[in-house]
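Each remark here refers to the structure printed beneath this line.
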Amino acid sequence: MATTGASTMASQLKSNFASSLTRGLITPKGISGTPFRVFPSSRRTSSFTVNAVKADKPTFQVVQPINGDPFIGSLETPVTSSPLIAWYLSNLPAYRTAVNPLLRGVEVGLAHGLLLVGPFVKTGPLRNTAYAGQAGSLAAGGLVVILSLCLTIYGISSFKEGEPSTAPALTLTGRKKQPDQLQTADGWAKFTGGFFFGGISGVVWAYFLLYVIDLPYFVK
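Under my numbering, the first residue of the sequence shown is numbered 4, with each subsequent residue one higher.
Structure (structure tokens):
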């Protein structure tokens with residue numbers, strides 16, 4: 004009786020040990036052999052979650068679409084939308100739509116012609132000769148002629164005679180305005196003529212100040 008009980012207990016222990024041992028083994032399918040032991044991974048993976056905290060007040064967007072409409076294709080920034088920048092841009096000849104295109108071209112040409120003489124005098128090939136002023140002035144006048152020809156070519160290729168202005172007739176706020184006459188064939192021709200006249204006048208004025216009146220400027 005005691006022998007039978009001992010053998011039964013021994014067989015149960017053996018079967019429990021065998022079952023616990025085989026649970027940690029993997030037998031490959033289609034391969035006959037000793038099963039592999041699978042050891043628990045000692046590598047621990049840590050993860051964390053970032054939760055966004057809702058602000059008590061809505062945040063202010065520094066850069067946003069103009070007028071809140073992303074389909075306009077322009078952005079409002081503290082620089083481009085400041086009153087000072089808006090005032091400066093609105094006073095440039097290109098944006099003064101109420102002024103005749105001829106006068107706007109004269110203003111732009113005068114600024115370019117007056118400022119082009121100095122670089123040609125100081126950096127031209129005859130800068131170390133007695134003819135530096137004359138050569139620089141002629142070079143500046145030649146550049147004004149080239150720019151005028153470029154403006155003429157652009158106007159011929161972009162605008163057709165008799166067609167209305169291609170400029171928008173509405174402001175960004177939806178207010179109606181008179182289209183800019185500069186964006187027409189006649190307006191662009193006036194602007195080009197004014198630029199040529201103003202540019203040559205600026206070159207002549209700069210030469211007159213530097214070498215006729217003989218003012219003590221550095222660019223001489």
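Glycine residues also receive a C-beta, built at the ideal position from the N, C-alpha and C atoms. Computed from a predicted model, the values in this text were never measured in an experiment.
Burial state of residue i, where buried means 16 or more other Cβ atoms lie within 10 Å
i, result
"F74", "exposed"
"D183", "buried"
"G108", "buried"
"V206", "buried"
"F194", "buried"
"V102", "exposed"
"A133", "exposed"
"A89", "exposed"
For residue i, the three-state DSSP class (helix, strand or coil)
i, result
"L78", "strand"
"Q233", "Missing from the structure shown is residue 233; the chain here goes from 4 to 223 and no further."
"K125", "helix"
"Y210", "helix"
"K193", "helix"
"A135", "helix"
"P96", "helix"
"L118", "helix"
"R107", "helix"
"A101", "coil"
"Y91", "helix"
"L218", "coil"
"F198", "helix"
Top-ranked residue by Cα proximity to residue i, from the options
i, options, result
"A192", "A114, L118, L152 and G144", "L152"
"G201", "L141, L113 and G71", "L113"
"S77", "P86, V66, L87 and S85", "V66"
"A138", "V120, F199, A89 and V148", "V120"
"P96", "V111, T80 and V82", "V111"
"G144", "V124, I156 and T132", "V124"
"F199", "V215, I216, P81 and L105", "L105"
"H115", "A209, L218 and I216", "A209"
Cβ shell of residue i (< 7 Å), same chain only, five flanking positions each side left out
i, result
"S93", "none"
"A142", "F123 and G127"
"T169", "Q186"
Contact set for residue i: own chain, Cβ-Cβ below 6 Å, skip 5 residues either direction
i, result
"R26", "Note that R26 scores 49 on pLDDT, short of 50, meaning its location in the model is unreliable and no value can be drawn from it."
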